[in-house]
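**Student:** Chains A and B supply the protein sequences, listed in that same order. Read in order, the letters of the first sequence correspond to residues 492 to 813 in my numbering. Read in order, the letters of the second sequence correspond to residues 492 to 813 in my numbering. This structure is in structure tokens; I'll ask about it shortly.
Protein chains: 2
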Amino acid sequence: MSVATVSRSFSGSQPVSAEVRERVREASRRLGYRPNAVARSLRVEATKTLGLVIPNITNPFFTEVARAVEAAAWVEGYGIMLGNTDEDPRKEERYLDVLLGKQIDGIIISPARSESPHLAEVEAAGVPVVFLDRAAAGVDAPVVRADGRLAVGAIVEYLANLGHERMAIISGPPETVSGEERLGTFLEEAERLGMEMPPEMVRTGDFRQESGERAMRDLLALEHPPTAVFAANNLMALGALTAARKAGVSIPAELSFASFDDSTWFELMRPSISAISQPIEELGGAAARTLVESLEGGRPASTTLAAELVLRESCTEPGRGR
Amino acid sequence: MSVATVSRSFSGSQPVSAEVRERVREASRRLGYRPNAVARSLRVEATKTLGLVIPNITNPFFTEVARAVEAAAWVEGYGIMLGNTDEDPRKEERYLDVLLGKQIDGIIISPARSESPHLAEVEAAGVPVVFLDRAAAGVDAPVVRADGRLAVGAIVEYLANLGHERMAIISGPPETVSGEERLGTFLEEAERLGMEMPPEMVRTGDFRQESGERAMRDLLALEHPPTAVFAANNLMALGALTAARKAGVSIPAELSFASFDDSTWFELMRPSISAISQPIEELGGAAARTLVESLEGGRPASTTLAAELVLRESCTEPGRGR
DNA sequence: GGAAGCATGGTAATCGTTTACGATGGCGTA
DNA sequence: TACGCCATCGTAAACGATTACCATGCTTCC
């Protein structure tokens, strides 16, 4: 019984007689032998491992994404190395570096910035990439995301129809494509409806809770505060709601509120919060499958799914509170 | 310039002249060379990678844990391979198998069951383990967790003092130590206070949302429903609140409610939800550091932190609703 | 000037697999 | 019997780093 036979009987790359296979199994069990995947990886130049690099796993959107990616990768036979960048381009860069060093087979990334020079290195290393939710300029890789345009447009129209004339947006960083898209369509749609959007009505956050809280606090402190506020993601919505609560303003009587990104919690709150829901499960699964297709030599296309507006109780006509 | 020189200049294991180091760096950049960590791992028999095996990353407790573990591991120079078991012992077993194969240096695990024979294999393979939140029998490894006894006892007493005589618990699986601990102390404390706990007042869930919803629905359908309900984790609390909302029972007027595991959302709900808060950040960091200490040859002890009761608005005297 | 000592450079074995290639043995057929 | 073929099996060379060991050249000091 040679090493080759053992290897073959484990990998099944060539036929092995049933009797030998049985002997190998028995001996392995007896000796506690387990094939060493790193030696295997060195030889076959593949690790069966994918890198998942996301800005913030604490963001329910990304935790759900992580779960979906992990599950899809698992059924395809891949493991996941997790990288949490905290929206920090430098940490992102260093993570990409160690992941490349560890010879992961491919990367799913939601880059912190749309200008990410270090991603060129990944491309140069020949490691397939797929963008998830956010893309970066200058890198030719499939992007898997939900198109929020329709839904954001719909919510602006909805608020306008309710009679709001002073609406504010707590936007994400304009350097991210999703931040830019949400802010952009909000502004476009507002203009299309003949609404004014003075600068103090658009506050730029960083997709984190703290920035949402600050933005809402500032908004409420304005001489003429808005009658409706839209937050560009769930975490900033959480912060904004916290600020509103602290300030004692009641939703929706005194302030209408809606948010990008849905959450089970939004449905349970009183009032329940209107939000734009993304098909997260599908996004994560599609990202993993797209990457695997790349790894198998395909040239997969980008996929764009639709986001959906879920109307609940958090918006009404303005002026109810006075 | 030999391979040895290059290796030394990258790893710094032996002195190298500044001039040579510079030449190596320059040449690497020019050639796009990057050290291959899998070859290195094969040689030094260490991967600088930790396995994190958790039942459900969607559970806010575990996502926060994952973030903390990732961050602590990162500063220690370790990467994380993520394994989501979905509370399924078979998936857990297969995950451990592939992680062992991939030669991870150590494992942080929150096992699905307290009887986990496959963990013995990990021990046999000589891979250090640390238990997080939940432990398994028969494996001698440090466990890092929060002790919920005091807090659970306190909440029972609190509800009793409010005048509740029919209180119910939606418990976790008794096969998990945290499930057992929470149920056990609840029952003990109830008995100590002379309260009766008929079987229909204790519903066993599986720590997932759906089971919480079902349990609450059944509880509310009882001829004599409880006046207070305690859910043994956040996900089941979420389900229970959903059920309560669907059934139209108002909290706290008709039903007092509290939960193990806190969440930012609990604070924002109306009423805000009283809950037992665990020091998650500390737990995750301690787990990672404990494991690293093991890897460095130490014999770290278990660490037990305290959970804290956070009282909010979701509990009042019984009978307010009638 | 020459030996000792030190700093640095180079060679080659090793880690545990995979796999190309060749060897072996059994069997059917002419 | 002799031969070819097929199914298996074994040998040895990779994969890309680390590192023990040895070689080299330079300084220093007598």
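Glycine included, every Cβ here is placed at the ideal spot set by N, Cα and C.
Given that B/Leu-618 touches chain A, what residues does it touch there, using C-beta distances under 8 Å?
**Tutor:** As a position in the second sequence, residue 618 of chain B is number 127, starting the count at 1. Residue 618 of chain B is actually Val in this sequence, not Leu. Residues of chain A passing the Cβ test: none, with the nearest at roughly 11 Å.
**Student:** What is the C-beta distance between A/Arg-558 and B/Ile-548, in whole angstroms, given that I count them as a contact (C-beta under 8 Å)?
**Tutor:** Residue 558 of chain A sits at position 67 when you count from the first residue of the first sequence. Residue 548 of chain B sits at position 57 when you count from the first residue of the second sequence. About 5 Å separates the two Cβ atoms, so the contact holds.
**Student:** Beta-carbon separation of A/Ser-793 and A/Pro-580 under 8 Å?
**Tutor:** One-based indexing of the first sequence puts residue 793 of chain A at position 302. One-based indexing of the first sequence puts residue 580 of chain A at position 89. No, they are not a contact pair.
**Student:** Which residues in the same chain have their Cβ closer than 7 Å to the Cβ of B/Pro-791, if we skip the five residues on either side of it in sequence?
**Tutor:** Residue numbering aside, residue 791 of chain B sits at position 300 when the second sequence is read from its first letter. So the qualifying residues of the chain are Pro-633, Thr-781, Glu-784 and Ser-785.
**Student:** To the nearest angstrom, how far is the alpha carbon of B/Pro-619 from that of A/Ala-530?
**Tutor:** As a first step, residue 619 of chain B must be located in the second sequence, where it is residue number 128. As a first step, residue 530 of chain A must be located in the first sequence, where it is residue number 39. Looking at the two C-alpha atoms, the distance is approximately 21 Å.
**Student:** DSSP state of A/Val-630, grouped into three classes?
**Tutor:** To locate residue 630 of chain A, count along the first sequence from 1; it is residue 139. Here A/Val-630 sits in coil by DSSP.
**Student:** Assuming B/Leu-541 and B/Tyr-569 make a contact with CB atoms under 8 Å, what is their CB distance in whole Å?
**Tutor:** Along the second sequence, read from residue 1 onward, the residue named residue 541 of chain B stands at position 50. Along the second sequence, read from residue 1 onward, the residue named residue 569 of chain B stands at position 78. Rounded, the Cβ-Cβ distance is 5 Å, consistent with contact.
**Student:** Taking A/Val-560 as the reference, give the member of A/Gly-597, A/Phe-751 and A/Asp-631 with the closest Cα.
**Tutor:** Counting from one through the first sequence, the residue named residue 560 of chain A turns up at place 69. Ranking the options by Cα distance to A/Val-560, first place goes to A/Gly-597.
**Student:** List the residues of chain A that B/Met-760 touches, going by C-beta distances under 9 Å, in chain order.
**Tutor:** On the second sequence, residue 760 of chain B is found 269 positions in, with the first residue counted as 1. Within chain A, the residues near B/Met-760 are Trp-756, Leu-759, Met-760 and Arg-761.
**Student:** Please classify B/Leu-684: does DSSP put it in a helix, a strand, or coil?
**Tutor:** Here residue 684 of chain B refers to the residue found at position 193 when the second sequence is read from its first residue. B/Leu-684: coil per DSSP, three-state reduction.
**Student:** Any beta carbon from chain A within less than 8 Å of B/Met-572's own beta carbon?
**Tutor:** For the purposes of this step, residue 572 of chain B is taken as residue 81 along the second sequence, with counting starting at 1. For B/Met-572, the answer is yes, since a Cβ of chain A falls inside 8 Å of its Cβ.
**Student:** Comparing the C-beta of A/Gly-592 with each C-beta of chain B, is any distance below 8 Å?
**Tutor:** The sequence position of residue 592 of chain A within the first sequence is 101, counting from 1. Yes - at least one Cβ of chain B is within 8 Å of the one on A/Gly-592.
**Student:** Can you pull the DSSP bridge partners for B/Asn-575?
**Tutor:** As a working mapping, residue 575 of chain B is identified with position 84 in the second sequence. Answer is B/Ile-545.
**Student:** Closer than 7 Å, Cβ to Cβ, to anything on chain A: give me those residues from the region 532–545 of chain B, in chain order.
**Tutor:** Within the region 532–545 of chain B, the qualifying residues are Ser-532, Leu-533 and Thr-538.
**Student:** Over the uninterrupted beta strand (DSSP E) stretch that includes A/Ala-722, give me the two end residues.
**Tutor:** Here residue 722 of chain A is taken as the residue at index 231 of the first sequence, counted from 1. 719–722 is the extent of the beta strand (DSSP E) around A/Ala-722.
**Student:** I'd like to check one pair, A/Gly-639 with A/Arg-673: are the Cβ atoms closer than 8 Å?
**Tutor:** On the first sequence, residue 673 of chain A is found 182 positions in, with the first residue counted as 1. On the first sequence, residue 639 of chain A is found 148 positions in, with the first residue counted as 1. In this structure, A/Gly-639 lies closer than 8 Å to A/Arg-673 by Cβ.
**Student:** Among residues of its own chain, excluding the 5 on either side of A/Val-720, which ones have a beta-carbon nearer than 6 Å to its beta-carbon?
**Tutor:** Counting from 1 along the first sequence, the entry for residue 720 of chain A is found at position 229. The residues are Ala-659 and Phe-748.
**Student:** Using a Cβ-Cβ cutoff of less than 6 Å, which residues in the same chain neighbour A/Pro-809 once the five nearest sequence positions on both sides are dropped?
**Tutor:** One-based indexing of the first sequence puts residue 809 of chain A at position 318. Closer than 6 Å at the Cβ level, and outside the excluded window around A/Pro-809, lie Gly-654, His-655 and Thr-718.
**Student:** Please give the ranges of any alpha helix (DSSP H) in the region 634–718 of chain B, keeping only runs that are unbroken, at least 4 residues long and fully inside the region.
**Tutor:** The qualifying runs are 640–653, 668–683 and 700–712.
**Student:** Are B/Ser-805 and B/Pro-743 close, meaning C-beta to C-beta below 8 Å?
**Tutor:** Working through the second sequence from its first residue, we reach residue 805 of chain B at position 314. Working through the second sequence from its first residue, we reach residue 743 of chain B at position 252. Taking 8 Å as the Cβ cut-off, B/Ser-805 and B/Pro-743 qualify as a contacting pair.
**Student:** Give, in chain order, every residue of the region 729–744 of chain A whose Cβ lies closer than 8 Å to some Cβ of chain B.
**Tutor:** If the cut-off is 8 Å between Cβ atoms, the region 729–744 of chain A has Leu-729, Leu-732, Thr-733 and Arg-736 near chain B.
**Student:** Since A/Gly-597 is in the beta strand (DSSP E), which residue starts that stretch and which ends it?
**Tutor:** Within the first sequence, the letter at position 106 stands for residue 597 of chain A. That run of the beta strand (DSSP E) goes 597–600.
**Student:** Under a Cβ-count criterion, where at least 16 other Cβ atoms within 10 Å of its own Cβ denotes burial, should A/Ser-504 be classed as buried or exposed?
**Tutor:** Here residue 504 of chain A corresponds to residue number 13 of the first sequence, with the count starting at 1. Its Cβ having fewer than 16 others within 10 Å, A/Ser-504 is exposed.
**Student:** Hey, out of A/Pro-762, A/Ala-626 and A/Ile-595, whose CA is closest to A/Ser-607's CA?
**Tutor:** Counting from 1 along the first sequence, the entry for residue 607 of chain A is found at position 116. When each option's Cα is compared against that of A/Ser-607, the closest is A/Ala-626.
**Student:** Measure the beta-carbon distance from A/Ala-777 to A/Val-635 and round it to whole angstroms, keeping in mind my assumption that it falls under 8 Å.
**Tutor:** As a first step, residue 777 of chain A must be located in the first sequence, where it is residue number 286. As a first step, residue 635 of chain A must be located in the first sequence, where it is residue number 144. A/Ala-777 to A/Val-635, Cβ: 5 Å. Contact.
**Student:** May I ask you to report which of helix, strand or coil DSSP gives A/Val-621?
**Tutor:** By 1-based counting over the first sequence, the position of residue 621 of chain A is 130. Note: A/Val-621 maps to strand in three-state DSSP.
**Student:** Within this structure, are the beta carbons of A/Leu-711 and A/Val-740 separated by less than 8 Å?
**Tutor:** Taking the first sequence and counting its residues from 1, one reaches residue 711 of chain A at position 220. Taking the first sequence and counting its residues from 1, one reaches residue 740 of chain A at position 249. A contact, by the Cβ cut-off of 8 Å.
**Student:** So B/Val-529 contacts chain A; which residues on that side make the cut at Cβ distance below 8 Å?
**Tutor:** As a position in the second sequence, residue 529 of chain B is number 38, starting the count at 1. Under the 8 Å cutoff, chain A gives Val-529, Ser-532, Leu-533, Thr-538, Lys-593 and Gln-594.
**Student:** Just to confirm before moving on: does the CB-CB distance between A/Arg-708 and A/Ala-728 stay below 8 Å?
**Tutor:** Translated into positions along the first sequence, residue 708 of chain A becomes position 217. Translated into positions along the first sequence, residue 728 of chain A becomes position 237. In this structure, A/Ala-728 does not lie closer than 8 Å to A/Arg-708 by Cβ.
**Student:** Taking 8 Å as the CB-CB cut-off, is A/Thr-576 touching chain B?
**Tutor:** Residue numbering aside, residue 576 of chain A sits at position 85 when the first sequence is read from its first letter. With 8 Å as the cut-off, A/Thr-576 does not count as an interface residue toward chain B.
**Student:** Using the Cα positions of B/Leu-610 and A/Gly-775, report the straight-line distance between them to the nearest angstrom.
**Tutor:** As a position in the second sequence, residue 610 of chain B is number 119, starting the count at 1. As a position in the first sequence, residue 775 of chain A is number 284, starting the count at 1. Using only the alpha carbons, I get a separation of about 30 Å.
**Student:** Considering only the beta carbon of each residue, do A/Gln-594 and A/Ser-500 sit closer than 8 Å?
**Tutor:** If you number the first sequence from 1, residue 594 of chain A lands on position 103. If you number the first sequence from 1, residue 500 of chain A lands on position 9. Taking 8 Å as the Cβ cut-off, A/Gln-594 and A/Ser-500 do not qualify as a contacting pair.
**Student:** Any C-beta of chain B within less than 7 Å: which residues of the region 547–561 of chain A qualify?
**Tutor:** Residues Ile-548, Thr-549, Thr-554, Glu-555, Ala-557, Arg-558 and Glu-561.
**Student:** DSSP on B/Ile-764, reduced to helix/strand/coil?
**Tutor:** Working through the second sequence from its first residue, we reach residue 764 of chain B at position 273. B/Ile-764: coil per DSSP, three-state reduction.
**Student:** From B/Trp-756 to B/Ala-615, what distance separates their C-alpha atoms?
**Tutor:** For the purposes of this step, residue 756 of chain B is taken as residue 265 along the second sequence, with counting starting at 1. For the purposes of this step, residue 615 of chain B is taken as residue 124 along the second sequence, with counting starting at 1. Rounded to whole angstroms, B/Trp-756 to B/Ala-615 spans 43 Å at the Cα level.
**Student:** Quick one: which chain B residues come within Cβ less than 9 Å of A/Arg-640?
**Tutor:** Here the question's residue 640 of chain A lines up with position 149 in the first sequence. The premise fails here: A/Arg-640 is roughly 28 Å from chain B at the closest Cβ pair, so nothing lies under 9 Å.
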